[in-house]
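J.: Numbering-wise (my numbering), the sequence shown opens with residue 2 and increments by one. Take a look at the following structure, please.
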Amino acid sequence: MSSDKDKKRTTQKAVAVRMAGGFDREPVLLFAARQAEEVLPAAQVQPLPFAPDWLLGLCAWRRQVLPVLDAAKLYGLDSFTGRSLYLVVRAAAPTGEEDGTRKLLRCVLKISSQITARDLPKQCAPASAEESGLNPALVRGLFAHEDGLLIVPDLLPALCPAAADNLFQMPAV
């Protein structure tokens, strides 16, 4: 007999964003449905001077100022052609307190318009971020699936300044 936990796992939903890339399988960014808050058809982005190319700038969303990240550039994927959408995503970051509390961080991802809601895939094989050429610090999980290369992103290194210092250092001039 299956437990409540097993039933819950089989009904979990995901948001899949099909991206372009130089892989033998088409890369798909996979977010838990609870991470994806809203899909925006457009965003008014205010550029930031001297920002890395994956950080497009800032935009206003529901009385908050959020960073706008280009998902293709952040993950080193090919830029997609056609219409772009913007996905408001949230992530929980540790506060550093001993009680294990976490703070909620949000960002806006510029993504392709190929976005779908789906069940979490059950049949997939783990893949190596290092072998794929993806930055392992930005990948929470990587799986080969019949739909493509499923990338479970970890956005915290891009959103937390302390982690970003180690990952995206500006080259010395």
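All C-beta atoms in this analysis are idealised placements derived from N, C-alpha and C, irrespective of residue type, glycine included.
1. Using the C-alpha atoms, what's the distance from Leu-139 back to Glu-131?
2. Where does Tyr-37 fall in DSSP's three states?
3. Using DSSP bridges, identify the partner residues of Val-89.
4. Excluding five sequence neighbours on each side, which residues of the same chain lie with their C-beta closer than 7 Å to the C-beta of Arg-84?
5. So Ser-80 and Ala-21 are in contact, right, with Cβ under 8 Å, and what is the actual spacing, rounded?
6. Got a sec, what are the start and stop residues for the alpha helix (DSSP H) Ala-72 sits in?
7. Taking the beta strand (DSSP E) that Ala-128 belongs to, which residues open and close that run?
8. Applying the criterion that 16 or more other CB atoms from any shown protein chain within 10 Å of the CB defines a buried residue, is Leu-88 buried or exposed?
9. Compute the Euclidean distance between the alpha carbons of Leu-160 and Leu-110, then round it to the nearest angstrom.
10. Which of the three DSSP states is assigned to Leu-156 in this structure?
11. Skipping 5 residues on each side, what residues in its chain have a beta carbon closer than 6 Å to that of Arg-26?
12. Any idea which residues DSSP pairs Cys-60 with across the strands?
13. Measuring straight from C-alpha to C-alpha, what distance separates Ser-95 and Lys-104?
14. Helix, strand or coil for Leu-135 per DSSP?
15. By the DSSP assignment, the beta strand (DSSP E) with Gly-97 in it spans what residues?
16. Where Ala-1 and Glu-99 are concerned, what is the direct C-alpha to C-alpha distance, given to the nearest angstrom?
17. With a Cβ-Cβ cutoff of 9 Å, do Leu-78 and Pro-68 count as a contact?
T.: Considering the structure as presented:
1. Cα-Cα distance, rounded: 11 Å.
2. According to the sequence as given, residue 37 is Ala; it is not Tyr. In the displayed model, Ala-37 falls within a strand according to three-state DSSP.
3. Val-89 pairs with Glu-39, Val-109.
4. Closer than 7 Å at the Cβ level, and outside the excluded window around Arg-84, lie Ser-114.
5. Right, the Cβ-Cβ distance comes to about 7 Å (below 8 Å), so this counts as a contact.
6. Taken as a continuous stretch (DSSP letters only), the alpha helix (DSSP H) holding Ala-72 covers 72-75.
7. It is not in any beta strand (DSSP E) - Ala-128 carries neither H nor E in the DSSP assignment.
8. Buried is the call here.
9. C-alpha of Leu-160 to C-alpha of Leu-110: approximately 12 Å in a straight line.
10. Judged by DSSP in its simplified three-state form, Leu-156 adopts coil rather than helix or strand.
11. Within the same chain, Arg-26 has close Cβ partners Gly-149, Leu-150.
12. Answer by DSSP bridge pairing, in chain order: Leu-67.
13. According to the sequence as given, residue 95 is Pro; it is not Ser. Their Cα atoms are separated by approximately 6 Å.
14. The three-state secondary structure of Leu-135, taken from DSSP, is coil.
15. Unbroken run through Gly-97: none, as it is neither H nor E.
16. The chain is shown from 2 up to 174; residue 1 falls before or after that span and cannot be answered.
17. Contact: no.
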